[in-house]
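Contents: one structure, followed by commentary.
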Amino acid sequence: MSERDKAWQPEDLTRLFVERVNVRDAEGIAALYEPDAVMAYPPGSVTVGREAIHAFWAKVLPQLPPFEQEAPLPTLASGDIALTSTPPKDGAGARAQVVRRQPDGSWLRLIDQPEFTSPSA
-10 MSERDKAWQP EDLTRLFVER VNVRDAEGIA ALYEPDAVMA YPPGSVTVGR EAIHAFWAKV
50 LPQLPPFEQE APLPTLASGD IALTSTPPKD GAGARAQVVR RQPDGSWLRL IDQPEFTSPS
110 A
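Counting along the sequence shown from 1, when you hit position 110 you're at 99 in this note's numbering, and nothing is skipped either side.
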């Protein structure tokens, strides 16, 4: 990944993720995650590690429609850890990620909850 393709702010990760989904770049998507990252997806399961995240996206990207950018909610940060989130444009649930600053100053996803909804009553 080139220096310009790194997330220099926590919020950059969501923008880069959508850009890479839309060009079907599974390797580029996986590069946004720490080596031992955890992604709570697909629904009801957990995908652990950059290699597994890469394999997941390589499998599903050909069937996905283009993603739209979603405006991020304010980032909450404490030192080298931050929480990023976006409300989906369709109003269903939310998306949230715990991200960590890397030694070079860039940010990567550590924990990703790309889709969740409130429990039904």
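Just so you know, even glycine gets a beta-carbon here, dropped at the ideal spot from N, CA and C.
Predicted, not measured: the structure shown is a model, and the values here were computed from it.
- Residue burial annotation: residue 86 is buried, with at least 16 other C-beta atoms found within 10 angstroms of its C-beta.
- In the DSSP assignment, residue 97 is bridged to 89.
- Residue range 1 to 11 is occupied by the alpha helix (DSSP H) that includes residue 3.
- Every beta strand (DSSP E) of 3 residues or more that sits fully in the segment -6 to 80 is shown, in chain order, as 22 to 28, 65 to 67 and 70 to 75.
- Take the alpha-carbon of residue 10 and the one of residue 99: they are about 19 Å apart.
- Note that the segment 63 to 77 does not touch the segment 4 to 22; fewer than 3 beta-carbon pairs, one per stretch, sit closer than 8 Å.
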